[in-house]
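Student: Please see the structure below; I have some questions.
Protein chains: 2
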Amino acid sequence: MNILPTTLYAAIAHETRLRCLLLLLEYEELCVCELTHTIGAAQPTISRHLALLREAELVSDRREGLWIYYRVNPALPSWVTQVLRETARGVAGLAPFADDLIALQAMPNRPGAPRCA
Amino acid sequence: MNILPTTLYAAIAHETRLRCLLLLLEYEELCVCELTHTIGAAQPTISRHLALLREAELVSDRREGLWIYYRVNPALPSWVTQVLRETARGVAGLAPFADDLIALQAMPNRPGAPRCA
DNA sequence: TCCATATATATCGCATACAGTATATTCTGT
DNA sequence: ACAGAATATACTGTATGCGATATATATGGA
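Protein sequences appear in the order of chains D and B.
Counting from 1, one number per residue, gives the positions in the first sequence under our numbering.
Counting from 118, one number per residue, gives the positions in the second sequence under our numbering.
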């Protein structure tokens, strides 16, 4: 597959979307309610941002009953994956990204938890 | 120094700015007229985009007579540099980025040329 | 001092991104 | 068939990014 750099960077230029992506990078697969809870934004907001990530082909989704699970698109070119990894390294310990990783684990009643890495 | 990921990605989400940065990554130091000629946009357009890159602290500038030379900020955190390198790898051979590298060398009367790497 | 060159900034008009709210869709259990 | 839960989409108002054009600033030379 093929991703334009401007598409990638426009997508992750928004903090909410970057937080989603970095969470997915760590946790493999998460449903919308987990992301919504962790990030603390309104559900339609998260859903819309996920839709943008989906349209940019940065994430893929799969339905399982009521829940829709998102994950980082496994077919991403390696340079994109590397960019995401370097970003994760760059924001390690930085708010709000660092807190997200912790906040998710503290969430009660996660659908299929723990899926943590 | 410290750079917010959203600042970085908003900056390079625009093709013109990314082209500037990748050219600077290859050529160490370039003046505005070289970037203007290579990218083929209006001078105020290039200047404004360079100003944005400067405000984001992604590039530094230095005046030498009439010319103002830009370079990638040497104080960038390593993860940012890595992101730029991976991007360069990702767009290798891709228009318009690949052509830029060639177009610059074909430019006549470059101020202090060649500064090529 | 006047002019030309290189670069920067200001202004305007348009398109697009975003949050918030309301509503629609899809599935599960009864 | 119905109700409720999880998620998606539609709509609206506001703000911001962008290109185009005009103008300002800085430097060097006659």
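We put the beta carbon where it would ideally sit given N, CA and C, even for glycine.
Here the structure is a predicted model, which is why all the values come from computation and not from measurement.
With a cut-off of 9 Å, does the C-beta of H37/D fall near any C-beta of chain B?
Tutor: No, its Cβ sits nowhere closer than 9 Å to a Cβ of chain B.
Student: Residues of chain B with a CB under 8 Å from the CB of W79/D: which are they?
Tutor: Per Cβ cutoff of 8 Å: E203, T204, R206, G207.
Student: Under 9 Å, Cβ to Cβ, is there at least one residue of chain B near P108/D?
Tutor: P108/D does not count as touching chain B.
Student: Can you tell me whether DSSP reads L76/D as helix, strand or coil?
Tutor: Reduced to three states, the DSSP call for L76/D is coil.
Student: Going by DSSP, what residue range makes up the alpha helix (DSSP H) through E34/D?
Tutor: Here the alpha helix (DSSP H) through E34/D covers 32 to 39.
Student: By Cβ distance below 8 Å, which residues in the same chain neighbour A234/B in space, the five residues on each side in sequence not counted?
Tutor: Its pLDDT being 37, under 50, A234/B is placed unreliably in this model, and the value from its coordinates should be taken loosely. Only E143, Y144, E145 meet the Cβ criterion.
Student: According to DSSP, V176/B sits in a beta bridge with which residue or residues?
Tutor: Looking at the DSSP assignment, V176/B forms a beta bridge with V189/B.
Student: For a contact defined as C-beta to C-beta under 8 Å, what are the partners of P111/D on chain B?
Tutor: Going along chain B, no residue has its Cβ under 8 Å from P111/D, so there is no contact; the nearest lies around 28 Å.
Student: Find the residues of chain B that neighbour P5/D, judging by a C-beta separation of less than 7 Å, and give them in chain order.
Tutor: Under the 7 Å cutoff, chain B gives L135, T204, G207, V208.
Student: DSSP puts E181/B in a beta bridge; with which residues?
Tutor: Note: E181/B sits in a beta bridge opposite W184/B.
Student: Go ahead and pull the three-state DSSP assignment for G4/D.
Tutor: The sequence as given places Leu at residue 4/D; Gly does not occur at that position. Residue state, collapsed to three classes: coil.
Student: If you follow the alpha helix (DSSP H) that E26/D is in, where does it begin and where does it stop?
Tutor: Run containing E26/D: 15 to 27, per the alpha helix (DSSP H) assignment.
Student: Between which residues of its own chain and N119/B is the CB-CB distance below 8 Å, once the five residues before and five after are set aside?
Tutor: Answer for N119/B: P194, listed in chain order.
Student: Would a C-beta distance cut-off of 9 Å place V176/B and Q160/B closer than the cut-off?
Tutor: No, the Cβ-Cβ distance between V176/B and Q160/B is not below 9 Å.
Student: What does V72/D reach in chain B if we use C-beta pairs closer than 7 Å?
Tutor: In chain order: nothing, as chain B lies at least about 16 Å away.
Student: Cβ closer than 9 Å: which chain D residues qualify as neighbours of Y126/B?
Tutor: Those are L8, Y9, A10, A11, I12, A13, H14, L18, T87, listed as they occur along chain D.
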